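Read through the structure below, which is laid out as structure tokens, and then see the notes.
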Amino acid sequence: MILLIVKIILNHILGYVKIKVESVFIERFINICISKRIFIWDIQREKSSIMYANIGIKDFKRLKNVAKKTKSKVSIEGKYGIPFLLHRYRKRKNFFILCSIILISLVAMSRFVWNIEIEGLQTIPKEEFMQELNDYGLKIGTRKSLIDSNSIINKMRLTRDDISWMGIDIKGTNIIIKIKEKEKAPIVINKSDYCNIVSNKTGLITKINVQDGTKAVEIGDMVKEGDVLVLGLLEGKFSGETRYVHAIADVEAKVWYSKKEKFYYNQDIRKETGQIENKYSIKFNNFKINFTKTLSKFQNYDTICKSKKILLFPNFYLPIEIVKKTNIEYKKISKTFTEEELIEIATEKLEIEIEAEIENKDNIINKQINVDKQEEYVEVEIIYEVIEKIGIEEKIIL
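The opening residue of the sequence shown carries number 970 in the working numbering; numbering runs sequentially from there.
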């Protein structure tokens, strides 16, 4: 819908004509226009063989082949938009003054930034990144001549340790910022360094196979995070001397994942009614004009906002933004669940949450569900038993 409004606005600026199409193949005429991406709007039918519609000047020139294929007669009923207005009033002084003002305004606006695109963000929040750019002088409405790209890049890289590369490209009134986030390198201990192997999880040892070093735990031992599993040292059988080594071992343990939550019998649930309302507004930089009342006719509703900046030419954005706000009505309904329904809902919810934390679901060996039934609620606890490899290297400081 927003794209449709933008196209119509652009056609008003660039010029459009109202056409009359006479043909026995009106539907085919429309379908070919759609397939060839010829944009027509405000279609009105008169009888079964006559149609009126609006079409942009550029697209009108492409209608010749469509008319030929469908054996249609196309005629112009009216011409509208700025180009035709200019032609109509070309002899009028005031009109030329107005055109001059528009042209000067476009030239003036071309000296400022009206849109910022950021590419490459994955873990860094966009709002946080944009705020830092604003702090360093790069924001919507900034004069392009005042933007020092190198200075901004250097400041961002000095203050952020999660960026490995950043580039700023100014095109028209649009700025494209490309970044590459820095991957956190795992702590790697050189093979020549002495190290222990310590537990990175709490669990019950089920397997320990030591290639180098000395076992500090046995099968069946409970360990917690930080406990030493394998010592990075060896004691000579005959000499009794102790020497340090880089411990190497394959250790597995039974690890537990659990979630517990209360689920009440009586709940207020939300149910969409299927009723929606769309509200449109237009923003000129920070100034906003609403086309409809801002207050919703719904009592309870969710709101989805979408906006589209007007692009006059490639990379030439205007400080004009079409905003569409969609309100989706819902009703609060009181519902009483049965015990079986609650347990099913709770089990499904908790299983999804727990399994999202488990890397390999094939290693799950057992699942236990505990239910505590109370007068007002049911408390459900789910415990997963998983066999996992544990242990990380920890350098020995001598």
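Backbone N, C-alpha and C define an ideal beta-carbon position, used for all residues, glycine too.
Every value quoted in this text rests on a predicted model; they were computed, and no experiment measured them.
Measure the C-alpha to C-alpha separation of residue i and residue j and round it to an integer number of angstroms.
i	j	result
ASN1259	GLU1246	14 Å
ILE1371	ASP1237	Because the chain spans 970 through 1367 in this model, residue 1371 falls outside it and cannot be assessed.
SER1074	GLU1317	59 Å
ILE1351	ALA1325	14 Å
TRP1083	THR1111	8 Å
GLY1050	LYS1113	31 Å
GLU1187	VAL1355	19 Å
ILE1066	ASP1104	39 Å
ILE1323	ILE1359	19 Å
ILE1217	TYR1353	29 Å
SER1079	ASN1254	14 Å
ASP1271	LYS1248	13 Å
LEU983	GLY1025	8 Å
LYS1184	HIS1215	13 Å
LEU1202	ASN1123	46 Å
TYR1213	MET1125	44 Å
GLY1243	VAL1292	22 Å
PRO1283	GLY1141	8 Å
SER1041	ILE1071	39 Å
LYS1048	LYS1016	24 Å
LYS1262	TYR1299	20 Å
ILE1085	GLU1097	14 Å
Of the choices the options, whose alpha-carbon is the least far from that of residue i?
i	options	result
ASN1235	GLU1345, SER1018, LYS1037 and PHE1285	GLU1345
MET1191	LYS1229, LEU1173 and ASP1181	LEU1173
VAL1347	LEU1367, GLU1313, GLU1354 and GLY1141	GLU1313
LYS1149	VAL1167, GLY1089, ASP1138 and SER1079	GLY1089
PHE1232	GLU1187, THR1171, LYS1038 and LYS1304	LYS1304
PHE1226	TYR985, LYS1336, LYS989 and ILE999	It should be pointed out that residue 1226 corresponds to Tyr in this sequence rather than to Phe. The shortest C-alpha separation from TYR1226 is found at LYS1336.
ASP1131	ASN1165, PRO1094 and ILE1109	PRO1094
LEU1200	ALA1022, TYR1299 and LYS1364	LYS1364
CYS1068	MET1078, ARG1212, PRO1052 and ARG1080	PRO1052
LYS1301	GLU1241, PRO1288 and LEU1072	GLU1241
SER1168	TYR1299, ASN1143 and LYS1223	LYS1223
LYS1108	ALA1315, ILE1361, ALA1218 and PRO1288	PRO1288
ILE1001	ASN1254, SER1018, GLU1230 and THR1039	THR1039
PHE1029	LYS1262, ARG1014, TRP1010 and VAL986	VAL986
ILE1361	PHE1256, ILE1166, VAL1292 and LEU1202	ILE1166
GLN999	TYR1286, LYS1027 and LEU1032	Per the sequence shown, the amino acid found at residue 999 is Ile instead of Gln. Considering only alpha carbons, the answer is LEU1032.
LEU1281	LEU1367, ASN1143, LYS1042 and VAL1179	ASN1143
ILE1012	LYS1005, ASN1284, ALA1022 and SER1004	ALA1022
ILE978	SER1004, PHE994, TRP1010 and GLU996	TRP1010
THR1092	LYS1151, GLY1047 and GLU1046	LYS1151
TYR1163	ASP1181, ILE1085, THR1175 and ALA1315	ASP1181
ASN1178	ASP1219, ILE1366 and ARG1014	ASP1219
LYS1229	GLU1320, ILE1297, LYS1176 and GLU996	GLU1320
PHE1285	SER1004, SER1250 and PHE1081	PHE1081
PHE994	VAL1035, LYS1005 and ARG1239	VAL1035
For residue i, which residues of its own chain have a beta-carbon under 6 Å away from its beta-carbon, when the five flanking residues on both sides are left out?
i	result
PHE1099	Strictly speaking, residue 1099 in this sequence is Met, with Phe absent from that position. Contacts found: none.
GLU1290	LYS1252, SER1276 and LYS1278
ILE1273	THR1295
ASP1341	GLU1348
ILE1019	GLU991
LYS1147	GLU1088, GLY1089 and GLY1136
SER1044	LYS989
ILE1007	ASP1028 and ARG1031
For residue i, collect the residues of the same chain with a Cβ closer than 8 Å to its Cβ; drop the 5 residues on either side in sequence, then sort them by chain order.
i	result
GLU1210	GLU1204
THR1128	GLU1101
ILE1327	TYR1226, ILE1333, TYR1353 and VAL1355
Taking 7 Å as the line, does the beta carbon of residue i fall inside it for any heavy atom of the ligand MG?
i	result
TYR1299	Annotation note on the ligand MG: not contained in the displayed structure, which lists no ligands.
Per DSSP, residue i is paired with what?
i	result
TYR1143	According to the sequence displayed, residue 1143 carries Asn and not Tyr. Paired residue(s): ASN1084 and LYS1140.
GLU1230	VAL1349
LYS1293	TYR1249 and LYS1275
GLN1244	DSSP output for GLN1244 lists no bridge partner at all.
SER1161	Paired residues: none, contrary to the question.
MET1020	VAL990 and ARG1014
LYS1149	TRP1134
ILE978	In DSSP, ILE978 forms no bridge with anything.
Who are the Cβ neighbours of residue i in its own chain at under 7 Å, not counting the five residues just before and after it?
i	result
ALA1077	none
Answer yes if the region 1137-1144 comes into contact with the region 1113-1120, meaning at least three C-beta pairs across the two stretches below 8 Å, and no otherwise. yes
Segment contact, 8 Å Cβ cut-off, at least three pairs: the region 1305-1312 with the region 1323-1331: no
Would you be able to state if there are at least three C-beta pairs under 8 Å between the region 1261-1268 and the region 1184-1202? no
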